[in-house]
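K.L.:
The structure under discussion is supplied below as structure tokens; questions concerning it will follow.
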Amino acid sequence: MSNRISVSRASHDTAAVFDRSAATYDRVGVEFFGPMGRELVRRAGVRPGQQVLDVGCGRGAVLMPAAQAVGPDGDVVGIDLAPTMVDLTRADVATAGLPNVRVEVADAEDPPLPEATFDTVLAGLVVFMLPAPLPALRAYHRLLRPGGRLGVTTFAAYDPRFSEALGTLARHVPPERRQPPATGREDDFATRESTGDLLRRAGYHQVTVEDVPFESRFRDSDHFVAWVWSHGSRAILESIPPERLPAALADVADVLSPGGGSLRLTTTIRFALGTRADS
Ligand SMILES: C[S@@+](CC[C@H](N)C(=O)[O-])C[C@H]1O[C@@H](n2cnc3c(N)ncnc32)[C@H](O)[C@@H]1O
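Under our numbering, the sequence shown has 159 at position 158, and the numbering climbs by one with no breaks.
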């Protein structure tokens, strides 16, 4: 893999937020990314002996079950643009004793890997963040062997209370720190139909798209906030001036669990699968 990386500003900024979350990402006692990653590997039908690429591997929610599925005769390459994610996941892979798993810093927009090499390309909760998902999906198509499978996930629907909690936090962000609205790149994934169309436009056949709900449990509002710090949504917490944070967190507690009790949130994940034609 080439050592020279040239990335878009948007991807650089996104990865920087994840880099700051890497140490606690998916490690604050909430079952969130793990079950989604395992389900992606299962649905993509990863088999022993396969060569698998995991795009935007984060802390290994897809990578680790993929390594288990390919077994000692297969190989898994994980790429991520956040160097701390890569360092920590590499260390996890070494601790787990998996010599056939490689983790590298690389851009999901156009991974610098040999064409027609992989039996399966997986991308868990990353493609919708890219400035241009269509060329990225076309790049993964080139990386697949004929007959190879693509599996991607996106967020189909957030729990209304999650959206309300983030909206509550957003009201504490000073106007000069507010982010401009998203550029519309998420529109491609707005519905099951548009998601399927996107994969077909990228060249995939036998496209299927299905939405699946996942439940996550939190002890209380503090646990919820610790979880928000641990992933990409931390960007909103970082935009709140430290002196305003206590008031913002008190408002979130009022919205989420006024009595101080536990809470459950349901997140619906969209699984999109496709195949590179045989010839
Ligand atoms: C929501 S996380 C998902 C991580 C993992 N796939 C999972 O399911 O837990 C998105 C990951 O994509 C990475 N990422 C974002 N933009 C990227 C890009 N352009 N190239 C490579 N990785 C990127 C982030 O650093 C982060 O680790």
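All residues carry an ideal CB built from backbone N, CA and C; glycine is no exception.
So what does DSSP say about Q281, is it helix, strand or coil?
P.N.:
Nothing can be reported for residue 281: it is not among the residues displayed for the chain, which extend from 2 to 280.
K.L.:
State the start and end residues of the unbroken beta strand (DSSP E) segment that holds D55.
P.N.:
Bounds of the beta strand (DSSP E) holding D55 are 52 to 56.
K.L.:
Where does A67 fall in DSSP's three states?
P.N.:
In the structure shown, A67 sits in a helix (DSSP, three-state: H, G or I).
K.L.:
Based on the DSSP output, what are the partners of E216 in its beta bridges?
P.N.:
DSSP lists T267 as partners of E216.
K.L.:
Which one of D27, A83, F33, E116 has the shortest CA to CA distance from R265?
P.N.:
The shortest CA-to-CA distance from R265 to any of D27, A83, F33, E116 is the one to F33.
K.L.:
Rounded to the nearest angstrom, what separates A109 and V56 at their Cα positions?
P.N.:
6 Å
K.L.:
I'd like to confirm something about A16: is its beta-carbon nearer than 6 Å to some heavy atom of ligand 1, or not?
P.N.:
yes
K.L.:
Beta carbon of A83, beta carbon of A11: below 7 Å?
P.N.:
no
K.L.:
Kindly indicate the opening and closing residues of the alpha helix (DSSP H) around E105.
P.N.:
From DSSP, E105 is part of no alpha helix (DSSP H) but of the beta strand (DSSP E) over 102 to 106.
K.L.:
Using the three-state DSSP reduction, which class does L257 fall into: helix, strand or coil?
P.N.:
helix
K.L.:
Taking 6 Å as the cut-off, is the C-beta of G79 nearer than that to any heavy atom in ligand 1?
P.N.:
no
K.L.:
Give every residue of the same chain whose Cβ lies closer than 6 Å to the Cβ of V102, excluding the five residues on either side of it in the sequence, and list them in chain order.
P.N.:
Excluding the 5 residues flanking it on each side, V102 has same chain C-beta neighbours closer than 6 Å at A68, V77, V94, in chain order.
K.L.:
Are L123 and A203 closer than 7 Å when you measure CB to CB?
P.N.:
no
K.L.:
Just the Cα atoms here: how many angstroms apart are F272 and S263?
P.N.:
Their Cα atoms are separated by approximately 29 Å.
K.L.:
Relative to the C-alpha of G125, which residue among E244, G35, R218 is closest?
P.N.:
G35
K.L.:
Below 7 Å CB to CB, which residues in the same chain sit around A241 once its five sequence neighbours on both sides are set aside?
P.N.:
The residue you asked about is not Ala; residue 241 is Ile in the sequence shown. Answer for I241: L170, H173, V174, A249, listed in chain order.
K.L.:
Might you give, ordered along the chain, the residues of its own chain that have their beta carbon closer than 7 Å to the beta carbon of S258, omitting 5 neighbours on each side?
P.N.:
D221, S222, L264
K.L.:
Please classify D120: does DSSP put it in a helix, a strand, or coil?
P.N.:
strand
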